[in-house]
Amino acid sequence: MAREASIERKTKETMIKVTWELDGDGSYAVSTGMPFFNHMLELFCRHGFFNLNIEAQGDLDIDYHHTVEDIGIAMGQCLRQALPGFEGVGRYGHALVPMDESLCLVSIDMSGRPAFVFKGRLAGKVGAFDAQLVKEFLQGFVHEAKIALHINLFYGENLHHKVEAVFKAFGRALADAVAKDERIQGVLSTKGVL
Numbered sequence: 001m002a003r004e005a006s007i008e009r010k011t012k013e014t015m016i017k018v019t020w021e022l023d024g025d026g027s028y029a030v031s032t033g034m035p036f037f038n039h040m041l042e043l044f045c046r047h048g049f050f051n052l053n054i055e056a057q058g059d060l061d062i063d064y065h066h067t068v069e070d071i072g073i074a075m076g077q078c079l080r081q082a083l084p085g086f087e088g089v090g091r092y093g094h095a096l097v098p099m100d101e102s103l104c105l106v107s108i109d110m111s112g113r114p115a116f117v118f119k120g121r122l123a124g125k126v127g128a129f130d131a132q133l134v135k136e137f138l139q140g141f142v143h144e145a146k147i148a149l150h151i152n153l154f155y156g157e158n159l160h161h162k163v164e165a166v167f168k169a170f171g172r173a174l175a176d177a178v179a180k181d182e183r184i185q186g187v188l189s190t191k192g193v194l
């Protein structure tokens, strides 16, 4: 069975279309209207070997916030739809990724319970993109996907590199967490349900 999903999210502020294939080769077509954010989502796909198509329109003339957050929400919904109940997957994933002088650790539990912890500093802009919006994207994703996501951005000087380390580590950690494991019947839990 294909592990993929498509979501359309329409609000008065945004229109988001996401198609996500978990067992991919890292192919992507990302159009958010925010070049730097496109680049980060492309890195996420390439390093997680996810095939991802995103078409997003939003009130970018006001702020990027609504569009960034709604993309996170739609992607989280896609993950839940592609992996109902999180059955047959390893559940946990982590990745420690350097990007030049920056270092980031991402740990994931496909727990069925949303929890988001971000340790580190993302302040300032990369071009027109406010780096603090990375947390809004991830919070929206976590809430809808119902996963625990812990990010430790240990250090870094260049803001672009810091954000890039986060997205690369997120892709690699999520790829591990959703990896199929034939030894697991149902879910990896003594409760029998997540």
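Residue numbering for the sequence shown follows the working numbering, starting at 1 and increasing by one per position. Quick reminder that beta carbons are idealized off the backbone N, C-alpha and C, glycines included.
Limits of the unbroken alpha helix (DSSP H) element including residue i
i, result
"T67", "65-82"
"V134", "133-145"
Own chain partners of residue i with C-beta closer than 7 Å, once the 5 adjacent residues on each side are dropped
i, result
"I71", "I16, T32, I54, A56, F137"
"F36", "V126, G127, F129"
"G112", "F86, K146, L194"
"R80", "E144, A145, K146"
"R183", "none"
"K180", "G88, V89"
Short Cβ contact (8 Å threshold) for residue i with residue j
i, j, result
"L133", "H65", "yes"
"M75", "V18", "yes"
"D100", "H161", "yes"
"G93", "A145", "no"
"V30", "L60", "no"
"F118", "K135", "yes"
"F167", "M40", "yes"
"S102", "A173", "no"
"R91", "L159", "no"
Backbone CA spacing between residue i and residue j [nearest angstrom]
i, j, result
"V142", "L149", "7 Å"
"M34", "F129", "7 Å"
"G140", "G24", "23 Å"
"R27", "C45", "The residue asked about is misnamed: residue 27 is Ser in this sequence, not Arg. For S27 and C45, the distance between alpha carbons rounds to 7 Å."
"G58", "P114", "26 Å"
"Q77", "E157", "34 Å"
"V68", "G120", "20 Å"
"F50", "W20", "7 Å"
"T11", "A5", "20 Å"
"I108", "E13", "30 Å"
"F170", "V163", "11 Å"
Other residues of its chain near residue i: CB distance less than 6 Å, five sequence neighbours each side excluded
i, result
"L105", "L96, N152"
"Q185", "none"
"E42", "Y28, V30"
"I7", "V18, A74, Q77, C78"
Helix, strand or coil at residue i [DSSP, three-state]
i, result
"D130", "strand"
"G186", "coil"
"E164", "helix"
"E42", "helix"
"D109", "strand"
"F86", "helix"
"G26", "coil"
"G58", "strand"
"G48", "helix"
"G33", "coil"
Residues of its chain near residue i, where Cβ-Cβ distance is below 8 Å and the 5 sequence neighbours each way are ignored
i, result
"L83", "R3, L22, V89, M110, V178"
Any C-beta of chain B under 8 Å from that of residue i
i, result
"C45", "Going by chain labels, chain B is absent from the structure shown, which holds only one protein chain."
Bounding residues of the beta strand (DSSP E) (the contiguous stretch that carries residue i)
i, result
"F154", "148-155"
"A5", "4-10"
Heavy atom of the ligand ATP within 7 Å of residue i beta-carbon
i, result
"T32", "Among the components of this structure there are no ligands whatsoever, and the ligand ATP is therefore not found."
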